[in-house]
Structures are given as structure tokens and as C-alpha cells.
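Working notes, beginning with the structure itself.
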Amino acid sequence: MTQHAADTSRPVLAAADTQAAGEPRGWWRDAVIYQVYPRSFADANGDGMGDLPGIRSRLPYLRDLGVDAVWLSPFYASPQADAGYDVADYRAVDPMFGTLLDADALIREAHELGLRIIVDLVPNHSSDQHEWFQRALREGPGSPLRDRYHFRPGLGADGELPPNDWESIFGGPAWTRTANPDGTPGEWYLHLFAPEQPDFNWDSRAVADEFRSILRFWLDMGVDGFRVDVAHGLVKAPGLPDLGAHNQLHLLGNDVMPFFDQDGVHEIYRAWRQILDEYPGERIAVAEAWTPTVERTANYVRPDEMHQAFNFQYLSTYWDAVELRAVIDSSLAAMRPVGAPTTWVLSNHDVTRHATRFANPPGGTQLRTAGDRELGLRRARAASLLMLALPGSAYVYQGEELGLPDVTDLADEVRQDPSFFRASGQDGYRDGCRVPIPWSGTEAPYGFGPAQGGPSWLPQPAEWAGLSVAAQTGDPTSTLELYRSALTIRRGHPDLGAGSAVEWLDAPEGVLAFRRGAFRCLVNTTGETVEFDTPGRLLVSSAVDAVPGRLAPDSAGWWAV
Ligand code: NOJ
């Protein structure tokens, strides 16, 4: 999609087989990509779990919202030990979500509506129920199938100690001991996440071949790209050396670890890029790569690797003008030398929603306190306008356009996030951002499923009736209408969208002000009203009752000069 054309209508995408007529190359450079979490988006068959037909039925909503592409979290055959990020068969749809025919219909219909489809690829690990892993277990030590994972004998006199000191991201050791086919204690296998998610050995040619084939399978189905899960994790340091430190989770993001961000991963992505480029229609790859710095993230989007990488440094930045300006500058500067677009993201299925993060004092991305909801919503609306004004591509997580808060008071009994259970309840509150979307009505599941009073896999709060799509539609003060307006303006304004720079303007403390051509964005991160010279015609404001010349506390506005 381009927002540089005066005509903002969307071309039909010819099943992504050809570049749509008249469309410039590089659709992804300024795309707004909407993340659908299939379990929680829309439930067509009423079993309490979202599904592909449900998503399909809501595609017109996404088109009208004004996004360019939809990223679907995994819907593949999976025992759901980690909500689908434990894949048992990469070429099958889990019956809980539908069938391959449903996936095909969803892709086709999205293209007819001018929406692109990006699917999730999970190459770091499979499910322990994957056929290869099951065979590796059955066949015992020495089986060639064991080379496709990281099996090792244990340390200690009887092999009773794990092969090294690595800890799982979800808590506890990163190794689990197996039993030999005769029932005696056997080798250990590596799992950086849950024990049900054994890590692949990417030194195995069979693994590399298999994933190239999986890429082609979905590209042949017509998908427009892949979001690559744990893209920084595939290659481990030779010899799997000890880290020599405990509480490793807290080192993540600051240090290069022997299991993350190893230089060898880049060769894999270069091979994948060649495959993507064989297909017409600019198919893309997006890295989920948690690296110590934005400069390391840029390595994943060199011209012959992936197209985009999530900007987690931005997501992790609090509502503070100095910090925001610094991360915006460093993100743009890091991407410039490699020519990749910067991306911006505030929420996803792994972190506390930004409406709740900003309702609390700075405290990371796994919160269990609701905080000051009104303040959080005010800041969230302003933060979204800031994000959508920046050059590059933006990611919107389902429900943020409704201003949804995290559900912080889910009972422990209903939680399903494996990181909650493995981390002794200290960390891992990801269920709070995964509660099903309210679409309409006054009674749960608020149109998520077909029947009033029907099930939803996580309970929705009573007050979500007032936050539903139906309740917000047509209300000019609603967050949904704010997103709709901002996305329409973004698509139509010649100075918004792609690019690699903002020009900062002088502004009082706590205020961000920048120019992009004839466009101005002002953001007040303080709790006080700020007076300023109106820079032109107001396009949109996050403040419900914007007054000319005054920037309300925790608000943002866009102006055309
Ligand atoms: C990142 C995914 O976003 C998260 O949900 C998952 O638990 C881990 N990768 C493991 O696949």
C-alpha cells in the first residue's frame, strides 16, 4: 500500500502472485501490520477458542480499520503447550483453528480485500510431539534423528546433572532428561523454552532442508511473508559452553549469550531471502530478534537477509520524552546504514498491553497491577499517535485499537501461560494481554463467539462491554475512531509513512515535537497542559477535547502546515 497516492483505495492483491498494478515496490517499508492472535480474535464455531473462519469473518473490519497486512500467530497442529508456539506439524492447521482449506480461503479473501497475510514461523524449536522428536526418543541414543535436536549425555557420575548451566527463558533448567527405550535414565535434551519445546540443531542439514521446504509450502499457499519466532536463537555457540551465571533471564537483552544472537544465524536468513525473492509480489520476513542493541538488530535486516525486525528497544521504553527521543534517534540511525525500514511496536501477545504499562510506574513488561487506568489510556492513545507518525512500519496488536488494558486479575486457575507456571508465579503474566476481543453486546463473550453467555478460553472482564467494537464505532471520542482516523490520514498524507528521518523541533521539557515535510507531530508526556503556537491545521488529536494552542496532559496531536 502506499500513502503517497491521493487515491487511498486499495488494489485487490492477485493472490500475491503478481505485484498489484500500479503499486510501488516496497509495500512493507511503511506498512501498518496488525497482529491477530488466533485463539483470541473471533470464534466462529462457539467452542470458546478463536479460529480461522472467525478471523475470515472479521477481515472487513481490518480493511476498514486501515491496516495493510495481518500477521497471524501460529495456527498449526500443536498440543498448545505454549499456545501454538510448540508446533507438531508445520504443514497442518490444528483442528482447533480449522483446516488447510480454511487457511486457503482466509488468504484468498484477505487478498481480495487488499490485505496481505504474514504467518508465524517457529524454527528454533518444535513440539515434543513432533514426529522427529518422538522418533528420536523411541530410537534412543545413536539414532540419526537425535542429531536434529540437541541431545547430550548428562554430567556427574551417572549423568544425573544437565550438560551445561543454561536456564530456560520460562524458568528452570534448559535441559530435561529422557528415559532410554528400556526405561533407564537416558540423555538430556535442550529446550530454551518449555520442556515441550525441544530446540532444533541447526547444524543438521535435515533441519535446514525441512525449513526451506516449509517456507515454500506456505509461499505456494500465497502468504506474503513470515514473522520468524526467536530468530536470534537458532544457532548455539559451538560446544554449548557454560554461561557461568545464574538468573540468566535478567541478562537477556544486555549481553550476547551463547544461545542467542550468534553470528551463524545470518547465513540461514540469507538462504531464506533467496527463496522469498524467487516468488513474485515481494514476500517478506520479519525477525523476532531480542538483541542487546538496535545495532545488533540491524544485522538481521541487511539487504540480503530479512526485511524487518521488531524494535523491542522501542517497546521497552517508558513514557518519557527524553528516553523516547533517544530510542527513536538510535533506531533510525541503526537502520539507515542497512537501508531497512525502522519498525515500531508498543504491544504484542508476550507483554503487558501498553495501556497498562503506562498506567503504572516504570516496571518492565510483565505487570500484574492495573495502575491508574485513565492515565494509562490517555498515554496509550498519545503513544499510538506518536508511533504512527514515525517513519517506517508499525505493528498494532489486536485490541490496542480499542484501548484495551491488560487483565491483571485473572485467577491463577484460569491462566495457561507456561511461563507463569514454570517461574513460580513471579513472572510471565502473558495471559493478561491474550483475553478474547470484545466485539459487541452486553454479555460475555461480547460477540467473540456466536452465543451470548457462550464460552471464551480466558474470561473477559464485565467492563469490556463498554470497550467493544460496536460500543466504540461512531463515537468520535473512542480509541477505535482515533485509530481509524490516524490510519486514514497516514495513508493519505504525503509526508507520513516510509522514510528514515524526523526533524526535531524545539520544545519545552517533556514535549516531543518533530516535523516531516509539511507534517508536524507534538507529544506532551507530562501531566501538565502545555501552551504552544498552533503549527497549522489540526489533523487529529489523542485528547478528547483538544483546545487550539494547548496540548493537554499526556496527549499527542498531528498538524498539517
Ligand atoms: C516468542 C513468542 O512470541 C512467544 O509467545 C513464545 O512463547 C516464544 N517465542 C517461544 O516460541
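Residues 8 to 568 (the working numbering) are what the sequence shown spells out, left to right.
Beta carbons: idealized from backbone N, C-alpha and C, even for Gly.
Span separating the alpha-carbon of residue i from that of residue j
{"i": "Val345", "j": "Val94", "result": "33 Å"}
{"i": "Pro81", "j": "Arg63", "result": "15 Å"}
{"i": "Leu417", "j": "Ser492", "result": "33 Å"}
{"i": "Pro348", "j": "Ile40", "result": "13 Å"}
{"i": "Arg364", "j": "Ala469", "result": "21 Å"}
{"i": "Arg280", "j": "Asp216", "result": "14 Å"}
{"i": "Phe207", "j": "Gly179", "result": "19 Å"}
{"i": "Leu558", "j": "Trp566", "result": "12 Å"}
{"i": "Ala238", "j": "Asp135", "result": "20 Å"}
{"i": "Ala111", "j": "Gly91", "result": "The question names Ala, yet the displayed sequence has Asp at residue 111. Asp111 and Gly91: Cα-Cα distance of roughly 19 Å."}
{"i": "Val352", "j": "Ile176", "result": "22 Å"}
{"i": "Pro287", "j": "Asp37", "result": "19 Å"}
{"i": "Ser485", "j": "Arg498", "result": "20 Å"}
{"i": "Tyr453", "j": "Ser447", "result": "5 Å"}
{"i": "Gly240", "j": "Ala292", "result": "16 Å"}
{"i": "Asp96", "j": "Leu222", "result": "13 Å"}
{"i": "Asp438", "j": "Val414", "result": "8 Å"}
{"i": "Pro86", "j": "Leu120", "result": "32 Å"}
{"i": "Ala478", "j": "Glu330", "result": "35 Å"}
{"i": "Glu30", "j": "Thr541", "result": "With a pLDDT of only 44 at Glu30, under the threshold of 50, the placement of this residue in the model should not be trusted, and no figure is reported."}
{"i": "Leu409", "j": "Arg360", "result": "11 Å"}
{"i": "Ala117", "j": "Pro45", "result": "15 Å"}
{"i": "Pro60", "j": "Leu69", "result": "14 Å"}
{"i": "Arg65", "j": "Ala181", "result": "39 Å"}
{"i": "Leu392", "j": "Gln467", "result": "27 Å"}
{"i": "Arg32", "j": "Glu289", "result": "8 Å"}
{"i": "Leu489", "j": "Asn531", "result": "17 Å"}
{"i": "Val509", "j": "Ala520", "result": "10 Å"}
{"i": "Gly461", "j": "Thr449", "result": "13 Å"}
Burial state of residue i (16 or more Cβ within 10 Å)
{"i": "Arg523", "result": "buried"}
{"i": "Pro555", "result": "exposed"}
{"i": "Leu226", "result": "buried"}
{"i": "Asn187", "result": "exposed"}
{"i": "Gln459", "result": "exposed"}
{"i": "Phe140", "result": "buried"}
{"i": "Glu203", "result": "buried"}
{"i": "Asp231", "result": "buried"}
{"i": "Leu162", "result": "exposed"}
{"i": "His257", "result": "exposed"}
{"i": "Pro368", "result": "exposed"}
{"i": "Ser220", "result": "exposed"}
{"i": "Asn318", "result": "buried"}
{"i": "Trp35", "result": "buried"}
{"i": "Gly543", "result": "exposed"}
{"i": "Thr350", "result": "buried"}
{"i": "Arg153", "result": "buried"}
{"i": "Leu503", "result": "buried"}
{"i": "Val551", "result": "exposed"}
{"i": "Trp511", "result": "exposed"}
{"i": "Thr654", "result": "Within the shown structure, residues of the chain are numbered from 8 to 568, placing residue 654 beyond reach of any answer."}
For residue i, the residue or residues it bridges with in DSSP
{"i": "Tyr196", "result": "Phe158, Thr183"}
{"i": "Leu168", "result": "Leu162"}
{"i": "Phe521", "result": "Trp511, Cys528"}
{"i": "Trp279", "result": "In DSSP, Trp279 forms no bridge with anything."}
{"i": "Ala559", "result": "Bridge partners of Ala559: none, in fact."}
{"i": "Pro174", "result": "Position check: residue 174 holds Glu in this sequence, whereas Pro was assumed. In DSSP, Glu174 forms a bridge with Pro180."}
{"i": "Ala567", "result": "Phe526, Arg544"}
{"i": "Phe207", "result": "Tyr156"}
{"i": "Val345", "result": "Val345 is not bridged to any residue."}
{"i": "Glu538", "result": "Arg557"}
{"i": "Thr350", "result": "Ser400"}
{"i": "Trp78", "result": "Gln42, Ile125"}
{"i": "Tyr83", "result": "Val100"}
Hey, which unbroken runs of the beta strand (DSSP E) at 3 residues or more fall wholly within the region 283-341?
Secondary structure remark: continuous beta strand (DSSP E) runs of at least 3 residues inside the region 283-341, in chain order: 291-294.
Tell me the start and end of each unbroken alpha helix (DSSP H) in the region 390-445 that is at least 4 residues and wholly inside, in chain order. Runs of the alpha helix (DSSP H) spanning 4 or more residues and lying entirely within the region 390-445 occur at 425-429, in chain order.
Start-end ranges of the beta strand (DSSP E) lying completely within the region 100-156, minimum 3 residues: Segments of the beta strand (DSSP E) lying fully in the region 100-156: 123-128.
- Query: Curious, which full-length alpha helix (DSSP H) runs of at least 4 residues does the region 35-65 contain?
  - Reply: Runs of the alpha helix (DSSP H) inside the region 35-65: 59-64.
Is the region 436-445 touching the region 40-58 in the sense that three or more CB pairs, one from each, lie closer than 8 Å?
Contact holds: three or more Cβ-Cβ distances are below 8 Å.
- Message: Counting beta carbon pairs with one atom in the region 247-254 and one in the region 170-178, are three or more of them shorter than 8 Å?
- Response: As far as the Cβ criterion goes, the region 170-178 touches the region 247-254, which means the pair count is three or higher.
Using a Cβ distance threshold of 8 Å, determine whether the region 418-427 contacts the region 396-404, with at least three qualifying pairs required. No, because fewer than three Cβ pairs between the region 418-427 and the region 396-404 fall closer than 8 Å, the two stretches do not touch.
Next on the checklist: Quick test of the definition: if touching needs 3 or more C-beta pairs under 8 Å, does the region 466-475 touch the region 357-373?
Outcome noted: Short answer: they don't touch.
Residue ranges of each beta strand (DSSP E) run of no fewer than 3 residues wholly in the region 219-273, ordered along the chain?
List check, beta strand (DSSP E) in window: 232-235.
Meets three-Cβ-pair contact criterion under 8 Å: the region 423-430 and the region 326-344:
Flag = no, the region 423-430 and the region 326-344 do not touch.
Exercise for review: Count the C-beta pairs between the region 312-324 and the region 273-288 that are closer than 8 Å, then say yes if the count reaches three, no if not.
Suggested key: A contact exists between the region 312-324 and the region 273-288.
Hey, is the region 141-160 in contact with the region 259-278, meaning 3+ C-beta pairs nearer than 8 Å?
Too few Cβ pairs lie closer than 8 Å, so no.
> Are three or more beta carbon pairs between the region 116-130 and the region 181-196 nearer than 8 Å?
Replying inline: Result no; under three Cβ-Cβ pairs closer than 8 Å.
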